[in-house]
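Everything in the sequence shown is counted per our numbering, starting at 155 for the first residue and increasing by one. The C-beta atom is built at its ideal place from N, Cα and C for all residues, glycine as well.
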Amino acid sequence: MPGQEPLSLKISHTDPGIQSAIIHRLLFHLHQAPSLQNIVIICIGTDRSTGDCLGPLVGTQLSRYKSPLFHLYGTLEEPVHAMNLQTTLDGIHTRYDQPYIIGIDACLGQTSSVGCIQVADGPLKPGAGVNKELPPVGDIHLTGIVNVGGFMEYFVLQNTRLNLVMKLSDIIAGSLYSAIKEWHYRSVLLAAQE
Numbered sequence: 155m156p157g158q159e160p161l162s163l164k165i166s167h168t169d170p171g172i173q174s175a176i177i178h179r180l181l182f183h184l185h186q187a188p189s190l191q192n193i194v195i196i197c198i199g200t201d202r203s204t205g206d207c208l209g210p211l212v213g214t215q216l217s218r219y220k221s222p223l224f225h226l227y228g229t230l231e232e233p234v235h236a237m238n239l240q241t242t243l244d245g246i247h248t249r250y251d252q253p254y255i256i257g258i259d260a261c262l263g264q265t266s267s268v269g270c271i272q273v274a275d276g277p278l279k280p281g282a283g284v285n286k287e288l289p290p291v292g293d294i295h296l297t298g299i300v301n302v303g304g305f306m307e308y309f310v311l312q313n314t315r316l317n318l319v320m321k322l323s324d325i326i327a328g329s330l331y332s333a334i335k336e337w338h339y340r341s342v343l344l345a346a347q348e
């Protein structure tokens with residue numbers, strides 16, 4: 155529809171306006187969260203694969219903020235991966251009332267998309283790039299396209315440049331923290347005016 159914002163964003167990590175674009179898109183999605191109390195970030199991946207460590211790197215960076223504004227799952231020390239994903243999701247839904255879940259993961263894509271970050275509505279499908287059936291994660295999700303998909307995915311993930319993964323994780327963690335902090339600040343101001 156004209157005048158309506160698209161529900162997703164895909165932007166290169168080299169774009170000078172990437173952080174503001176991601177923050178803007180996240181604020182659009184956070185506006186739909188039922189509660190500020192239960193924002194849950196699930197960073198999926200493993201530190202045993204360079205390409206698949208994007209999620210745990212983002213989680214580790216977010217954990218350094220020690221923020222009470224969100225609940226965090228998935229760091230380098232305690233990763234959320236294929237073996238514990240369902241248990242983690244079950245625990246979140248037991249512990250939090252109406253959690254608003256933000257999923258973070260690495261993905262593979264076309265050559266022209268490598269180095270892009272995507273913010274999209276709806277759940278991400280972890281494991282799809284390596285043909286695994288895992289539960290969907292998130293009300294919204296962010297993915298970093300770390301390498302080219304379509305052939306020998308496990309090998310490709312193992313041979314992904316750590317430099318790119320680090321750059322993507324810095325951008326995602328900083329943008330996500332800034333957006334949640336801004337959303338919380340705006341919500342407190344709105345509540346004070348009522």
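Per-residue DSSP class, three states only, for A187: coil
Neighbour-count burial assignment, S329, 16 or more Cβ in a 10 Å radius: buried
Local conformation of D169 per DSSP, three classes: coil
Whether T248 touches Y227 by CB criterion (8 Å): no
Beta-ladder partner(s) of N192, from DSSP: Answer is none; N192 lacks a bridge partner.
Neighbour-count burial assignment, S128, 16 or more Cβ in a 10 Å radius: This structure leaves residue 128 out entirely; the chain is present only between 155 and 348.
Length of the line joining the Cα atoms of L124 and N301: A query on residue 124 cannot be resolved here, the shown segment of the chain reaching from 155 to 348 and no further.
Collapsed DSSP secondary structure at A236 in the structure displayed: coil
Coil, strand or helix - D275 by DSSP: strand
Cross-strand partners of K164 (DSSP beta bridge): Q272
Range covered by the beta strand (DSSP E) that runs through D324: No beta strand (DSSP E) holds D324; the alpha helix (DSSP H) holding it covers L316 to Q347.
DSSP state of T204 mapped onto helix, strand, coil: coil
Run of the alpha helix (DSSP H) containing Y308, from where it starts to where it stops: E307 to Q312
Buried or exposed by the 16-neighbour rule on C-beta atoms within 10 Å, applied to F224: buried
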